[in-house]
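Participant: In the numbering used here, the protein residues as written are 1 to 422.
Here a beta-carbon is modelled for each residue, glycine too, at the ideal position from N, C-alpha and C.
#1: Given a cut-off of 8 Å on the beta-carbon distance, is the pair residue 362 and residue 346 in contact?
#2: Just to confirm the assignment, what range does the beta strand (DSSP E) spanning residue 336 have?
#3: How about residue 192 and residue 415: are their beta carbons less than 8 Å apart?
#4: Alpha carbon to alpha carbon, how far is residue 135 from residue 73?
#5: Determine the burial state of residue 266: buried for a count of at least 16 other Cβ atoms within 10 Å of its Cβ, exposed for fewer.
#6: Within the same chain, show all residues whose beta-carbon is closer than 6 Å to that of residue 291, passing over the 5 residues directly before and after it, in chain order.
#7: For residue 239, name the three-state secondary structure that DSSP assigns.
#8: Span of the beta strand (DSSP E) holding residue 3?
#9: Taking a contact to mean a Cβ-Cβ separation below 8 Å, would you say residue 59 touches residue 80 in this structure?
#10: Say whether the region 346-359 touches the region 317-333, bearing in mind that this needs 3 or more beta-carbon pairs closer than 8 Å, one atom from each stretch.
#11: What whole-angstrom Cβ distance do residue 94 and residue 122 have, given they're in contact under 8 Å?
#12: Which two residues bound the contiguous beta strand (DSSP E) that contains residue 205?
#13: Report yes if the CB atom of residue 10 is closer than 8 Å to the CB atom of residue 18, and no otherwise.
#14: Going by alpha carbons, who is nearest to residue 230 out of 283, 188, 170?
#15: Can the beta-carbon of residue 294 be found closer than 8 Å to that of residue 145?
#16: Roughly how many whole angstroms lie between the Cα atoms of residue 116 and residue 281?
#17: Identify whether residue 142 lies in helix, strand or coil by the three-state DSSP scheme.
#18: With H, G and I counted as helix, E and B as strand and the rest as coil, what does DSSP make of residue 352?
#19: Since residue 412 and residue 383 are thought to touch, with beta carbons under 8 Å apart, how far apart are those beta carbons, to the nearest angstrom?
#20: So residue 110 packs on residue 314, CB below 8 Å; how close in whole Å?
#21: Drop a sphere of 10 angstroms on the beta-carbon of residue 12, count the other beta-carbons inside from all chains shown, and report buried for 16 or more, exposed for fewer.
#22: Which of the three DSSP states is assigned to residue 95 in this structure?
#23: Could you pull the start and end residues of the alpha helix (DSSP H) that residue 319 belongs to?
#24: Using a Cβ-Cβ cutoff of less than 7 Å, which residues in the same chain neighbour residue 30 once the five nearest sequence positions on both sides are dropped?
#25: Checking 8 Å against the spacing of the C-beta atoms, do residue 143 and residue 185 come in under that value?
#26: Under DSSP, the alpha helix (DSSP H) around residue 288 begins and ends at which residues?
#27: Going straight from the alpha carbon of residue 174 to that of residue 236, what length do you get?
#28: Using only alpha-carbon positions, find the residue among 54, 215, 194, 172 that is nearest to residue 423.
#29: Could you give the residue range of the beta strand (DSSP E) that holds residue 129?
#30: Rounded to whole angstroms, what's the CA-CA distance from residue 322 to residue 331? Just pull it up for me.
#31: Considering only residues of the region 60-127, which uninterrupted alpha helix (DSSP H) runs meet the minimum length of 4 residues and lie entirely inside it, listed in chain order?
#32: Mark residue 97 as exposed unless 16 or more other C-beta atoms lie within 10 angstroms of its C-beta, in which case mark it buried.
#33: If you reduce the DSSP assignment to three classes, tell me which class residue 36 lands in.
#34: Using a 10 Å radius around the Cβ and a threshold of 16 neighbouring Cβ atoms, would you call residue 35 buried or exposed?
#35: Taking a contact to mean a Cβ-Cβ separation below 8 Å, would you say residue 244 touches residue 212 in this structure?
#36: Look at the alpha carbon of residue 307 and the alpha carbon of residue 250, and state the distance between them as a whole number of angstroms.
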């Protein structure tokens with residue numbers, strides 16, 4: 001939201017260009033129209049609502065470059081604040097979203113300049129992570145690595161869905177009055193994920209009241225049993241990749257409720273002349289399990305790209321999770337310094353009687369028993385890749401045999417998924 005507590009930022013880039021942040025609703029409108037010209041008309045309302053209505057955003061998060069002669073917006077990106085949970089630890093994160101540059105101004109370093117200010121804002125906001133849905137490869141130059149599942153999932157043919165033996169469930173679209181039960185069901189389902197997005201009541205309200213007519217508009221379907229008790233929900237986006245009917249969020253469901261949900265989706269797909277159903281969901285959720293049992297085709301997944309501004313600070317923050325993993329392992333009561341060498345720097349985790357009592361950045365050191373390139377450590381840290389998977393792809397991932405089990409204990413493969421907050 002626009003606020004007077006933070007003055008807008010202005011930075012002259014030379015060559016007749018100025019980097020700015022939003023100072024007024026007029027700035028927001030200009031950037032929204034620019035984003036629509038780059039990404040499509042649905043992004044106009046999405047940009048406008050994110051800045052003016054979302055409970056987490058701020059004017060200095062909407063970053064853009066202006067041509068000083070024409071006063072036209074020629075490049076832009078958006079810092080969208082999230083709160084992620086790493087098991088039970090809250091991690092402030094800043095998504096880099098809605099990134100684009102006008103064709104005539106590309107290859108002039110405008111995204112690089114905006115990224116420098118974006119990272120300054122990450123530090124000012126105390127963000128321990130940054131994530132982006134961006135195009136392949138490009139964001140590696142800014143320190144991002146693929147590390148959480150994103151787009152893709154399972155494609156299920158309509159003919160593969162058997163009719164239920166009896167009608168036990170009904171479906172209706174949710175209203176604002178249903179927000180408390182939706183929030184409860186969301187929190188229950190998210191506990192199945194090691195890393196997930198936290199949603200406050202204000203975010204739920206935003207999803208219902210501020211996404212209509214934008215790129216993020218969704219249908220919110222409730223599943224009720226014979227007694228009209230709400231037993232689950234699923235969200236069907238109106239805009240997405242591909243021609244299938246897509247589901248991009250779902251609660252925990254019993255087998256019977258999941259089968260009924262697939263039949264409801266089949267009916268929607270038939271009514272809308274869509275060829276199949278695509279489930280863009282966590283791999284471990286029940287709807288995905290039922291779909292696999294019915295012969296769904298795995299389309300593979302893209303991934304969120306993740307940047308870690310300060311690895312030592314992030315490791316310190318997740319200390320309670322690391323301690324809990326140690327306590328439930330053969331390393332219970334661990335007293336040892338664990339030196340993680342990232343080649344350019346080494347971060348030391350000092351455990352005393354199972355407690356992580358210090359995390360220190362030792363700077364540049366010689367290689368030790370645990371050596372992982374800095375970007376490749378991010379998918380290990382977030383449970384997206386195992387140490388064996390990384391070693392198979394990157395010969396410079398090296399862990400001494402007597403340290404392997406400890407690394408696997410501290411950083412296991414875990415299920416994660418980020419349901420949107422806007």
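Facilitator: According to the structure shown:
#1: yes
#2: 336-341
#3: yes
#4: 22 Å
#5: buried
#6: 154, 156, 279
#7: coil
#8: That residue, residue 3, is in no beta strand (DSSP E); it is neither H nor E in DSSP.
#9: no
#10: yes
#11: 5 Å
#12: Premise fails: residue 205 lies in the alpha helix (DSSP H), 201-209, not in any beta strand (DSSP E).
#13: yes
#14: 170
#15: no
#16: 33 Å
#17: helix
#18: strand
#19: 6 Å
#20: Residue 110 to residue 314, Cβ: 29 Å. No contact.
#21: exposed
#22: strand
#23: 319-327
#24: 73
#25: no
#26: 286-293
#27: 12 Å
#28: Residue coverage of the chain in this structure runs from 1 to 422, which leaves residue 423 outside it and unanswerable.
#29: 129-132
#30: 11 Å
#31: 110-125
#32: buried
#33: helix
#34: buried
#35: no
#36: 27 Å
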